[in-house]
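**Student:**
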Amino acid sequence: MDKYNAFLTVAELKSFTKAGIVLGCTQSRVSRAIAEIEKECGVKLFERSSSVVVLTEEGTRLLPYAERLCGAYRELNQAISNMGTANKQRKLCLCSYIGGKQKYVNSYVSILNDYPHNTYVEVCGGMASVLLNKPRVQHEVYNDIDVTNALLFKALSDKRTAAQFIERVCDKHYDEVLFDECEEIFSKYFVKNSTRLYDLKQGYSFEGMEGEALIETAVAVYCKRKFGWNGNLQSVYKEASARQIRTFERGKAQLPAIAERLEGITVLNKDMCEVVAEYNRSNTAIFADPVYMEAFDNGLDVNLHTLGTAAAYGEGTPSYVHLLKLIATQSGEQEGSMFSGFIRLKGYFVLCGYRNPLTDFLLLRVSPDKAKWERRLIGAKHNLQSEEDNSKDKINEYVYIYDPRK
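Under our numbering, the very last position in the sequence shown is 436; numbers go up by exactly one each time.
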């Protein structure tokens, strides 16, 4: 069957080299597959030249039969696959993402299901692995301060733009041409800010991105993340591996189900603390997965007056520290203390992170609502590389859960 798939791919791309890239094999292997069919049929299927490959009259006659044959074969494989997985729901994954929750998504969904809620909010959405795989509730909110992520989910949350997005992505091939196309769109719309995230260029706004501009940017964001390791937006093209090409092609198959799951959600592009304050309500579950602070091996002398000094707690932590300050909670009698101005949580709150003294101190020891907080081990997820001996170790990942019913 592979040889007829090769035949269809060469016919579509008009190139043996490009067909090899898409199929994840060498040009010579594609040529051998075509030669085998030509030998069986006793006719020439393609006219070859230095610039382009076109179907012969006999090749054109064979084309619809090959399409039906490969289509039937795909349906057969799908039916066989479904036989053994009738009772298993495949996890939805838009894009693997550094720090993403794919590995333990069932654990996070189970934790969220413990609390009845009609509103669900992801304040640091990323690629939203938890949202995509949890049961739908009445009102769902996706937020990400990174405007590229927010635009991607904005396009997918609307039925009309999602359909056009999927159609365009499915027409793309994982190659340098696509990479350069994405780079051109990024240079048109985006500029990097001081936190290494992207902002829209002057003249554009998140709310104003609609229609063609929204679809164009969303396709570029999705494809560019597929080029990067773990969702990073790399800026230099690297030769595609067969595995990357297969992953890109398989990802297309999940897009309709992902768009259906995201249809109608609210998509925001705001600071996460602003969103927490806005949706701090009963019957609401908030899931926060910000950039993690370091996991400290040694004790930390926690000084509440240095909470704003993120450098004391590791690189990339200002947003995490800011969020901790917000959710540590305060009571009305504490005016003038370090806790004044903090909010009192009204709904269910799940904070992802490593175990560290600062989080333990604020949430489990000094918070006025410390009895309502719980630290729970999720599992050993990340490989950390030691600077001393270059070895790699696993680090435990935790969630801090606030349950207002306690």
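Beta carbons are placed, not taken as given, at the ideal position from N, Cα and C, and that holds for glycine.
Would you tell me roughly how many angstroms separate the C-alpha atoms of Lys218 and Tyr134, rounded to the nearest one?
**Tutor:** For Lys218 and Tyr134, the distance between alpha carbons rounds to 37 Å.
**Student:** Please list the terminal residues of the continuous beta strand (DSSP E) segment that includes Cys382.
**Tutor:** First-last of the beta strand (DSSP E) with Cys382: Tyr378 to Gly383.
**Student:** Spatial neighbours of Val207 within its chain, please: CB distance less than 8 Å, with the 5 preceding and 5 following residues excluded, ordered by chain position.
**Tutor:** If we look at Val207 and ignore the five residues flanking it on each side, it has no Cβ neighbours.
**Student:** Please report the straight-line C-alpha distance between Arg291 and Leu162, rounded to a whole angstrom.
**Tutor:** Each residue's Cα considered, the two are about 6 Å apart.
**Student:** Alpha carbon to alpha carbon, how far is Glu279 from Asn299? Give it in angstroms, no decimals.
**Tutor:** About 29 Å.
**Student:** Of all the options Arg406, Cys154 and Ala185, which has the alpha carbon lying nearest to the alpha carbon of Tyr432?
**Tutor:** When each option's Cα is compared against that of Tyr432, the closest is Arg406.
**Student:** So, with DSSP's three-state summary, where would you put Val153?
**Tutor:** Coil at Val153, not helix or strand.
**Student:** Helix or strand or just coil, what does DSSP make of Ala158?
**Tutor:** If DSSP states are grouped into helix, strand and coil, Ala158 belongs with coil.
**Student:** Output the boundary residues of the alpha helix (DSSP H) element that contains Ile64.
**Tutor:** Ile64 -> alpha helix (DSSP H) spans Gln57 to Cys71.
**Student:** What separation, rounded to the nearest whole angstrom, lies between the Cα atoms of Lys402 and Tyr378?
**Tutor:** Each residue's Cα considered, the two are about 10 Å apart.
**Student:** Buried or exposed for Asp82, going by 16 or more other Cβ atoms inside 10 Å?
**Tutor:** Per the sequence presented here, residue 82 reads as Val, with Asp not at that position. Looking at its Cβ environment, which holds fewer than 16 other Cβ atoms inside 10 Å, Val82 is exposed.
**Student:** Just verifying my parser: in three-state terms, what is the DSSP assignment at Tyr228?
**Tutor:** Reduced to three states, the DSSP call for Tyr228 is strand.
**Student:** Name, in chain order, the residues that DSSP records as bridge partners for Leu85.
**Tutor:** For Leu85, which the question treats as bridged, DSSP gives the partners Phe76.
**Student:** Tell me, which residues are paired with Glu211 by DSSP?
**Tutor:** DSSP output for Glu211 lists no bridge partner at all.
**Student:** So, does the segment 149 to 158 touch the segment 171 to 179, judging by three or more C-beta pairs under 8 Å?
**Tutor:** The segment 149 to 158, when compared against the segment 171 to 179, does touch it at the 8 Å Cβ threshold.
**Student:** In the DSSP assignment, what are the bridge partners of His169?
**Tutor:** In DSSP, His169 forms a bridge with Thr149.
**Student:** With a CB to CB cut of under 7 Å and the five nearest residues on each side skipped, what residues in its chain are close to Gln274?
**Tutor:** Contacts found: Tyr204.
**Student:** Looking at the unbroken beta strand (DSSP E) that takes in Val396, where does it start and where does it end?
**Tutor:** That residue, Val396, is in no beta strand (DSSP E); it is neither H nor E in DSSP.
**Student:** If you compare alpha carbons, which of Val60, Glu293 and Cys55 is closest to Ala41?
**Tutor:** Of the candidates Val60, Glu293 and Cys55, the one whose C-alpha sits nearest the C-alpha of Ala41 is Val60.
**Student:** Run the CB neighbour count on Asp327, radius 10 Å, all protein chains shown included, and call it buried at 16 or more, exposed below.
**Tutor:** Per-residue confidence for Asp327 stands at a pLDDT of 38, beneath the threshold of 50, marking its modelled position as unreliable; the derived number appears in the next sentence. Burial call: exposed.
**Student:** Who are Arg405's beta bridge partners in DSSP?
**Tutor:** DSSP output for Arg405 lists Tyr430 as bridge partner(s).
**Student:** Any idea if Glu246 is buried or exposed, counting beta-carbon neighbours within 10 angstroms, 16 or more meaning buried?
**Tutor:** By the neighbour-count rule (16 or more Cβ atoms within 10 Å), Glu246 is buried.
**Student:** From the DSSP output, in three-state form, read off Leu298 for me.
**Tutor:** Reduced to three states, the DSSP call for Leu298 is strand.
**Student:** Phe236 by DSSP, collapsed to three states: which one?
**Tutor:** The answer is coil: DSSP assigns Phe236 none of H, G, I, E or B.
**Student:** Give a yes or no on whether the C-beta atoms belonging to Val160 and Leu285 are separated by under 8 Å.
**Tutor:** Their beta carbons are not under 8 Å apart, which means Val160 does not touch Leu285 by this criterion.
**Student:** Do you know offhand how far Glu68's Cα is from Lys74's?
**Tutor:** The alpha-carbon atoms of Glu68 and Lys74 are separated by roughly 6 Å.
**Student:** For the candidate residues Leu93, Ile141 and Glu77, whose alpha-carbon lies nearest to that of Thr86?
**Tutor:** The residue with the shortest Cα to Cα distance from Thr86 is Glu77.
**Student:** Is the separation between the beta-carbon of Val321 and that of Cys382 shorter than 8 Å?
**Tutor:** Not in contact: Val321 and Cys382 (Cβ atoms no closer than 8 Å).
**Student:** Can you tell me which of Leu394, Ile316, Arg385 and Val305 puts its alpha carbon nearest to the alpha carbon of Tyr138?
**Tutor:** Among Leu394, Ile316, Arg385 and Val305, the Cα nearest to that of Tyr138 belongs to Ile316.
**Student:** Using a Cβ-Cβ cut-off of 7 Å (strictly less than) and excluding sequence neighbours within five positions of Tyr145, which residues of its own chain qualify?
**Tutor:** Excluding positions up to five away in sequence, the list reads Ala315, Tyr378 and Asp433.
**Student:** Keeping to the same chain, check which residues put their C-beta closer than 6 Å to that of Ile184; ignore five residues upstream and five downstream.
**Tutor:** The sequence given here places Lys at residue 184; Ile does not occur at that position. Same-chain partners within the cutoff: Val297.
**Student:** Going by DSSP, what residues sit across from Lys222 in a beta bridge?
**Tutor:** Partner(s): Tyr228.
**Student:** By Cβ distance, which residues of its chain are closer than 8 Å to Tyr34, with the 5 residues on each side in sequence left out?
**Tutor:** Counting only Cβ-Cβ distances below 8 Å, and skipping sequence neighbours, we find Ile67, Ala96, Leu99 and Cys100.
**Student:** Does DSSP put Ala175 in a helix, a strand or coil?
**Tutor:** Residue identity differs from the one stated: residue 175 is Ile in this sequence, not Ala. Note: Ile175 maps to coil in three-state DSSP.
**Student:** Roughly how many whole angstroms lie between the Cα atoms of Ser397 and Lys436?
**Tutor:** In a straight line, the C-alpha of Ser397 is about 14 Å away from that of Lys436.
**Student:** What's the call for Glu427, buried or exposed, on a 16-neighbour Cβ count within 10 Å?
**Tutor:** With 16 or more Cβ atoms within 10 Å of its Cβ, Glu427 is classed as buried.
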